[in-house]
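Just so you know, the protein sequences line up as chains B and R, in that order. All residue numbers for the first sequence refer to this note's numbering, where the first residue is 10 and numbers rise by one. All residue numbers for the second sequence refer to this note's numbering, where the first residue is 57 and numbers rise by one. Just so you know, even glycine gets a beta-carbon here, dropped at the ideal spot from N, CA and C. Keep in mind it's a predicted model, so treat the numbers as computed, not measured. Report on the following structure.
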Amino acid sequence: MKPARFAYTAPDTVEGTLDALDRFGDEAKVLSGGQSLVPMMNFRLARPEVIVDIGRVSGLDGMSVSNGTLTVGARVVHSRLEAPTVSTPDGRSESLGGVLGSLLPVVARFVGHLPIRVRGTFGGSIAHADPAAEWCILARTLDAEMVALRQGGERTIPAADFFETVFTTALAAEELLVAVRLPILGEDWRAGFCEFSRRAGDFAVVAAMTAVRLEPATGAIAEARIGVGGVAGVPVRLPAAEAMLVGETPGAGLHAAAAEAAAGEVDPVGDLHGSAAYRRDLVRAMVARSLAQGAGASG
Amino acid sequence: MGESDRPRGGPLIGESVLRLEDRPLLVGEGRFLADVSFEGELHLRVVRSDVAHGVLRGVYLDDVLAAEGVVAAWSADEVAHVPAIEFRMTGFDELRPYCQRILAGEYVRYVGDPVAVVIAEDPYLAEDAAELAFVDIEPLEPVMEATSPGAPAPLALEHEQGDVDAAFAGAHRIVELRATVGRHSGIPLETRGLLARPVDGDGPEGNRVELYGIAKVPHYNCATIANMLDLEPGQVIGREGHVGGGFGVRGELYPEDLLVTYAALKLGRPVKWVEDRREHMVAANHSREQAYHVRAAVDEDGVVQAIDGEFFHDQGGYVRTHGATVPNLSVALLPGPYLVPSYRARGRIRLTNKTPAGTYRAPGRFESTFVRERLMDRVANEYDLDPVEVRRRNLIPAEAMPFDRGVSTLGTSLVYDSGDYQRLLERLLTHIGYESLRESLAQRREEGEMIGLGIGMFVEKSGLGPFDDVRVRRLDDGGVEVVTGAASVGQGMETAMAQICGDVLGVDYTDVSVRHGQTDLIGRGMGAFASRVTVMTGVAVYLAATELAATGEPAEVTFNTDHMTYPYGAHAAVVRVDAGTGGVAVERYIVAYDVGRAVNPMLVEGQIIGGVAQGVGGALLELFAYDADGQPLATSFMDYLMPTVAEQPPVEVLLSEDAPSPLNPLGLKGAGEGGTTACGAAIAAAIDDAISRPGAVTSLPATPELVRSLLRT
């Protein structure tokens, strides 16, 4: 369990990083917190020729809000999302409030263990693209946008296009994920997140995030999002179950019906930690609980 | 009393003094195997089969030998003269053909089977080079179940006492159970490892080799290695350092121990091998995998008159040093604390294409206790009796002690030396407030929770002989030195020995230095296993210190015994089941355990709490799963799930000293294993109670998926 031979470079700047990625292309792998990459290298499941360590690159660990969007720098560590704060234009730091501000700590609590949360990064998790990773599920559910830089260019990739399959994203070898943009979710949103893992801190067997927007006048659901991890190569949205919610009023019966639909809509593959049938059971339980959690948050 | 206000020179046996072992560990002076290194050392890497079963057509090492930093690389031909590794315990001629050679020659028999070694200047280069070995294997169909017709079946352990057939013929009711325990094992924090260092000697033995990283049974291993490599016994010296956990697994003699020693002698340089975790998961002994079919002949009062049982023991690809120890203990201790006048058992040893199996904390007892206690719960259910009431009706009464079980195990006849099982059970019930606890749990179930209580009882064994030697002498500085052939696997034996010695001599335990695991300091030694050290070494220390006190002269004594001592216990678990996921959380865990006399109650509690963690792992989480092709599926801590602090319940320990052993002057029994023994039994019963489905859990681990499936039926 010692890594295969690799070269190592640690640029100080984004420009230097992009230069290295441009130079080494497919041979390079970006090292951020190293909480997934380093074990994979030790198991020799990953054998990058060149490690481009972005640990010394400044300017990638900010969080700020503008125009209803939270921008999370790629090197923000998980533990900071347990109590998220954002920089204001006048240089102060304040707690992130609102629905997203309440949701992020709920999700962050499920990311690994504390030692992982203080080293591992938000952007690292997104770029690693484990289909059961909490932040990937969140990004897919909330239609996050990934901001990628390459030498001489920037592009924004919607979550729906970003996650391609297990550990595989739309990022090109020359591109660096620098930030993720998340909608802050206005006060008319209700969101929840539930996860089942065999032990505290493990990757989810199944996790579900739900977010619904309510019509202020009627309390009926105007828009619904259900995202699930652990049932496919990428986190998935469940449009049929989402559609069942729209136009209805939240309640235990509706939640159960949507959860049932969600369990029917996924097509999981079984493994050591859960057969396909069991994963469907977990989808049912996690979606129902996430919806209830969101409804509970509304008071 | 706090440690600081403890009077010096007062009684020490029975005091919860702090551990002598802790200071070096806490200040960073631990010297585990990986911490030891010598100038010029080389690093060994094992090339292992990645096929579960196959014909080994050839091992080609040309590319390995051409790689940077490689000093040597060998396959089986190089070590063809080294015999297969013999049994340390419970050997049978029928099992001998299945002993493991140190490198596989004609066939490979599990994923992880060593086929070659690479020795290089650096561990990274060794691992790089090992990848270049070309191992040509023609795959054969693997045997993955001990119950498969194709599984080699060298031996069945048979036992029969009383008139079993008559008991069944006259039974009021026959209660039957099929139950299985999953494959799991001890996972010490420190993996295995060895550093062999050749040293020039001018003594009669000539050149020698020192072994660092040796553990558990240093004398046995050194003597056996010497014998297998055609050396004189004194030429192989064990230098035990700190050991990060044993649990039955670490310290047995494995192929790697011979390979490292052979390489050091052949190359004339220190050679070091530190097992990595993935290797540990496929190469160190697995344990526990047994499938049972048991029947009980029960009379009209719910008293079990006979048990007739059969089980299949999944031994894996080879029979290692433990021989038939585990199934032997399963057979011997299956009846446990109950009278069971007639008893028949057949333990069928089967070879499969998985990692070879050996002992793991409470070997044979975790398994058989699960089965026996599930059987008693089933009797309770069929007779509509409280599970506790069934146990009361079946327990061996205190008046029957000593109680000859009529069976032999580990070469000794199994006679429970002392015990008041009923009293310990009542103490446990009083502690938990049994009736009111049952009511409150029933109330919570009424309110929609799935919450339940389970109880498991058992008899443990400890203090395996046949001997222990100890030397005690006063040092010039006023201190006392104890030299023993026992070993430390982290259990606190230095402290316990120092307490016994200090108690006798009226010196403080901190002034007693305990030297162990150094094979050139004392001629022979049994090491540390089977909860033997506190009893065997402890009594030897007591006798030697007593002699020293009487004569004023250095004393050397041998304590011999033909019998083991039998501590006993009862576990209670309260668990909560999540109906949606099948997840099980242990809300409360209680262990009542009688050890005769506790030398250091704090250490005993520590043993029990740690034992519960491993029992909870086996009951709920840990499983060495394989696919149909024999590929191991759990080779990292992502897939082999050990309980973390979040899964480990708070443990309430009721330490009992009702029944001192009459077999030794201090009344001691061992304490190493009773925290683990009944975890599977108690947790399974608690899950049944929580989901209101009596007898539902018949296999371990009770995974969430399994529990969820029980809820669907």
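query                                                                                                                                                                                     : result
Given a cut-off of 8 Å, decide if residue 556(R) and residue 598(R) are closer than it, judged by their beta-carbon atoms.                                                                : yes
Where does residue 60(R) land, buried or exposed, given buried means 16+ other C-beta within 10 angstroms?                                                                                : Residue confidence is low: residue 60(R) scores 48 on pLDDT, short of 50, so the model does not pin down where it sits. Its coordinate-derived value is still stated next. Exposed, since its Cβ has fewer than 16 Cβ neighbours within 10 Å.
Using Cβ-Cβ distances below 7 Å, what residues of the stretch 324-358 of chain R are close to chain B?                                                                                    : 332, 333, 334
Please report the residue range of the beta strand (DSSP E) in which residue 649(R) lies.                                                                                                 : 640-650
What does residue 284(B) reach in chain R if we use C-beta pairs closer than 7 Å?                                                                                                         : 761
Can you list the residues of chain R that residue 17(B) reaches, using a CB-CB cut of under 8 Å?                                                                                          : The contacting residues do not exist; residue 17(B) stays about 14 Å from chain R at best.
What are the start and end residues of each continuous beta strand (DSSP E) run of 3 or more residues lying completely inside the stretch 529-602 of chain R, in chain order?             : 536-540, 568-571
Looking only at its chain, what residues have a beta carbon closer than 8 Å to the beta carbon of residue 535(R), apart from the 5 residues adjacent to it on each side?                  : 563, 567, 568, 569
Count the CB pairs spanning the stretch 242-249 of chain R and the stretch 297-309 of chain R that are closer than 8 Å, and state whether there are at least three.                       : yes
What residues of chain R sit near residue 291(B), judged by a beta carbon separation below 7 Å?                                                                                           : 637
Confirm, please, whether the CB-CB distance from residue 712(R) to residue 474(R) is below 8 Å.                                                                                           : no
At a Cβ cut of 8 Å, what residues of the stretch 162-181 of chain R count as close to chain B, listed as they run along the chain?                                                        : 179, 180
Between which two residues does the beta strand (DSSP E) holding residue 155(B) run?                                                                                                      : 154-159
Flag residue 52(B) as yes if its beta-carbon sits less than 8 Å from any beta-carbon of chain R, otherwise no.                                                                            : yes
Nearest-angstrom Cα distance between residue 312(R) and residue 197(R)?                                                                                                                   : 27 Å
Name the residues in the stretch 698-712 of chain R whose C-beta lies less than 9 Å from a C-beta of chain B; which are they?                                                             : 698, 699, 700, 701, 702, 703
Can you tell me the Cα-Cα spacing of residue 73(B) and residue 149(B), whole angstroms?                                                                                                   : 20 Å
Taking the DSSP output, what are the residues bridged to residue 234(B)?                                                                                                                  : 220(B)
Is residue 172(R) helix, strand or coil by DSSP?                                                                                                                                          : strand
By Cβ distance below 7 Å, which residues in the same chain neighbour residue 698(R) in space, the five residues on each side in sequence not counted?                                     : 243, 673, 677, 678
May I have a chain-ordered list of the beta strand (DSSP E) segments no shorter than 3 residues that lie completely inside the stretch 660-734 of chain R?                                : 707-712
With distances taken from CA atoms, which of 227(R), 401(R), 292(R) is nearest residue 579(R)?                                                                                            : 292(R)
Could you tell me whether any Cβ in chain B is nearer than 8 Å to the Cβ of residue 98(R)?                                                                                                : no
Nearest to residue 389(R) by alpha carbon, out of 137(R), 518(R), 643(R), 119(R)?                                                                                                         : 518(R)
Within a Cβ cutoff of 6 Å, which residues of the same chain sit near residue 255(B), ignoring the five residues on either side of it in sequence?                                         : 230, 233
Who pairs with residue 155(R) in a beta bridge, going by DSSP?                                                                                                                            : 375(R)
Assign residue 84(R) to buried or exposed, taking buried as 16 or more other Cβ atoms, counted over all protein chains shown, within 10 Å of its Cβ.                                      : exposed
For residue 405(R) and residue 215(R), what's the separation of their Cα atoms in angstroms?                                                                                              : 14 Å
Write down every uninterrupted run of the alpha helix (DSSP H) in the stretch 179-247 of chain R whose length is 4 residues or greater and which is fully enclosed by it, in chain order. : 179-186, 220-225
Can you tell me where the beta strand (DSSP E) with residue 276(R) in it begins and where it stops?                                                                                       : That residue, residue 276(R), is in no beta strand (DSSP E); its alpha helix (DSSP H) goes 274-284.
Would you verify that the beta carbon of residue 684(R) is, or is not, closer than 8 Å to some beta carbon of chain B?                                                                    : no
Where in the stretch 349-414 of chain R do unbroken runs of the beta strand (DSSP E), each at least 3 residues long, occur, reported from the N-terminal end onward?                      : 360-370, 398-406
Measuring only the C-alpha atoms, how far is residue 296(B) from residue 333(R)?                                                                                                          : 36 Å
Can you check which of these residues, 159(R), 178(R), 739(R), is closest to residue 641(R) by C-alpha distance?                                                                          : 739(R)
With C-beta atoms as the reference, is residue 113(B) less than 8 Å away from residue 93(B)?                                                                                              : yes
With 7 Å as the limit, tell me which residues of the stretch 183-196 of chain R have their beta carbon closer than that to any beta carbon of chain B; keep them in chain order.          : 183, 184
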